[in-house]
Amino acid sequence: MYPWHDTFHMGLIHFMAYPNAKGEEEILSTVKRVLTDEFFQAIEVSALIEENTLKKIGKMCDVARVELLIAAQPLVLSRKLNLNSLNEEERRLAVDEIKKAVERAYVSNAKAIAFLSGRMPEKEQLGAAKERLVESLCEICDYAKQRSEEFGYTLAVNLEVFDYSIEKNALVGPAPIAFEIASKVRSFHDNFGLTIDLSHQPLLFEDPFYTLNLLSPFVTHIHVGNAVLETNHVAYGDQHPRFGISGGKNDVEELTYFLKALVKIGYFERKLSTEKPVISFEVKPLPDEDPDLVVANAKRTFLTAYAKLLKEV
């Protein structure tokens with residue numbers, strides 16, 4: 001038993017760690033690799049996976065006693081969906097696609113779904129774009145609540161905070177905008193929250209204590225990983241390289257600092273849709289790196305950071 005088992009659940013974002021697992025056989029075999037590792041009590045898989053395969057993963061997670069979460073970020077990015085589009089046809093398409101992902105989350109017995117906003121608009125369109133995003137999120141949360149009657153639980157709807165100027169250029173975005181959007185949606189829907197990713201903090205040029213303190217009322221899901229800001233680096237931008245890579249902004253010290261901020265806001269005491277609060281690794285191997293070694297790197301980095309945390313808090 002790892003020391004956090006009764007406090008939070010450690011997760012892994014499957015499609016990031018194993019980017020070459022595309023067919024059902026590869027997906028299921030790599031999912032099984034995660035589920036048989038007692039280090040992990042949660043796994044996040046892509047909403048792009050075929051529904052029958054998702055159902056199989058849901059069954060595997062149930063047997064292994066691992067919580068399943070659905071990541072719809074690949075869906076949004078690959079199809080260029082924009083929940084804050086001022087073009088109503090585009091916005092409607094994005095909402096409908098996320099609703100389909102919500103349905104797939106329910107049929108696979110996932111407890112949460114995460115996705116991102118559309119792109120940051122021009123300044124003169126910012127106010128209208130924020131209104132459209134709130135409208136979209138409220139509709140998605142309402143749909144998730146409606147479907148809960150059939151499935152016996154309410155799926156958590158998490159909006160992940162991404163960079164607004166480096167790569168993804170998302171409306172959410174800067175912490176003040178995230179606060180504004182989240183406060184409006186949460187006032188109507190208690191199944192809404194925010195996903196905060198340590199990997200994105202350098203890309204947002206924000207300090208984790210600032211971000212987490214400001215957004216504390218809405219933080220329901222956590223990712224941890226690394227990022228590079230050197231423009232000539234192979235892993236520049238939102239590429240989630242392994243911890244300790246040359247040029248990386250996050251390592252043991254930064255992870256420890258982030259965990260301290262989570263302690264400060266009381267994240268580990270929260271009652272959420274998952275059995276316990278989730279922290280998931282979002283790490284991706286470079287083309288010449290072995291995925292299993294990158295996952296092992298993340299585990300060792302976390303163990304060191306967590307040991308430092310226990311000494312310092």
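Quick note on the UniProt record's numbering: the sequence shown kicks off at 1 and runs consecutively.
Glycine included, every Cβ here is placed at the ideal spot set by N, Cα and C.
From a predicted model like this one, the values you see are computed outputs, not experimental measurements.
At which residues does the alpha helix (DSSP H) containing residue i begin and terminate?
i: His-14; result: 14–17
i: Thr-304; result: 291–312
i: Ser-183; result: 175–186
i: Val-219; result: Unbroken run through Val-219 is the beta strand (DSSP E), 219–224; no alpha helix (DSSP H).
i: Glu-167; result: Unbroken run through Glu-167: none, as it is neither H nor E.
i: Tyr-143; result: 126–151
When the Cα of residue i is compared with those of the options, which residue comes out closest?
i: Lys-271; options: Glu-90, Pro-217, Leu-159, Ser-46; result: Pro-217
i: Arg-79; options: Leu-69, Glu-90, Ile-70; result: Glu-90
i: Gly-59; options: Ile-43, Phe-179, Ile-181; result: Checking the sequence shown, residue 59 turns out to be Lys, not Gly. Nearest C-alpha to Lys-59: Ile-43.
i: Asn-87; options: Arg-300, Asn-52, Gln-125; result: Gln-125
i: Ala-47; options: Cys-61, Leu-69, Val-63, Arg-65; result: Leu-69
i: Pro-287; options: Gly-266, Arg-300, Ala-235; result: Ala-235
i: Phe-205; options: Glu-230, Glu-149, Pro-174, Val-34; result: Pro-174
i: Ala-21; options: Ile-49, Pro-3, Asp-37; result: Ile-49
i: Glu-51; options: Thr-36, Asn-109, Thr-7; result: Asn-109
i: Arg-186; options: Val-134, Ala-72, Pro-208, Ile-13; result: Val-134
i: Leu-10; options: Phe-281, Ala-305, Lys-311; result: Per the sequence presented here, residue 10 reads as Met, with Leu not at that position. Among Phe-281, Ala-305, Lys-311, the Cα nearest to that of Met-10 is on Phe-281.
i: Ala-178; options: Glu-38, Ser-165, Glu-160; result: Glu-160
i: Pro-164; options: Glu-150, Gln-201, Phe-192; result: The sequence shown places Tyr at residue 164, rather than the Pro named in the question. It is Gln-201 whose Cα lies nearest to the Cα of Tyr-164.
i: Asn-232; options: Gly-247, Val-219, Thr-220; result: Gly-247
i: Leu-171; options: Leu-116, Tyr-210, Phe-188, Asp-207; result: Leu-116
i: Tyr-306; options: Thr-256, Glu-289, Lys-276, Val-263; result: Thr-256
i: Pro-3; options: Met-16, Phe-39, Ser-29; result: Phe-39
i: Asn-191; options: Tyr-210, Pro-176, Val-219; result: Val-219
i: Lys-184; options: Val-34, Cys-138, Val-66; result: Cys-138
i: Ala-129; options: Phe-162, Ile-113, Ser-85; result: Ser-85
i: Glu-275; options: Met-16, Ser-199, Thr-154, Val-34; result: Thr-154
i: Leu-203; options: Lys-249, Leu-212, Leu-303; result: Lys-249
Do residue j and residue i come within 8 Å of each other at the CB atom, strictly closer than that value?
i: Val-102; j: Arg-147; result: yes
i: Thr-195; j: Asn-169; result: no
i: Ala-298; j: Val-313; result: no
i: Leu-215; j: Leu-259; result: no
i: Val-95; j: Leu-83; result: yes
i: Ala-156; j: Lys-111; result: yes
i: Ile-222; j: Ile-265; result: no
i: Lys-55; j: Val-107; result: yes
i: Thr-36; j: Phe-268; result: no
i: Thr-53; j: Glu-26; result: no
i: Ile-181; j: Ile-140; result: no
i: Ile-166; j: Asp-238; result: yes
Could you check if residue i is buried or exposed, using at least 16 other CB atoms within 10 Å of its CB as the buried criterion?
i: Tyr-18; result: buried
i: Ala-64; result: buried
i: Asp-197; result: buried
i: Leu-293; result: exposed
i: Arg-104; result: buried
i: Gly-118; result: buried
i: Asp-62; result: exposed
i: residue 394; result: This structure cannot settle anything about residue 394, because the visible part of the chain is limited to 1 through 313.
i: His-14; result: buried
Just reading off the beta strand (DSSP E) that residue i is part of, what are its end residues?
i: Thr-195; result: 192–197
i: Ala-71; result: 67–71
i: Val-157; result: 156–160
i: Ser-280; result: 278–281
i: Val-102; result: Careful: Val-102 lies outside any beta strand (DSSP E), inside the alpha helix (DSSP H) at 88–107.
i: Glu-50; result: Run containing Glu-50: none; DSSP gives neither H nor E here.
i: Leu-28; result: Where Leu-28 is concerned, there is no enclosing beta strand (DSSP E), although the alpha helix (DSSP H) it sits in stretches over 24–35.
i: Phe-258; result: Per DSSP, Phe-258 belongs to no beta strand (DSSP E); it is in the alpha helix (DSSP H), 252–264.
i: residue 315; result: Residue 315 lies beyond the residue range present for the chain, which begins at 1 and ends at 313; the question has no answer from this structure.
Let me see if you follow: with CB-CB separation under 8 Å, is residue i close to chain C or not?
i: Leu-215; result: Note that chain C does not occur in the displayed structure, where there is just one protein chain.
The stretch 222–232 / the stretch 241–252 touching (three or more Cβ pairs under 8 Å) = yes
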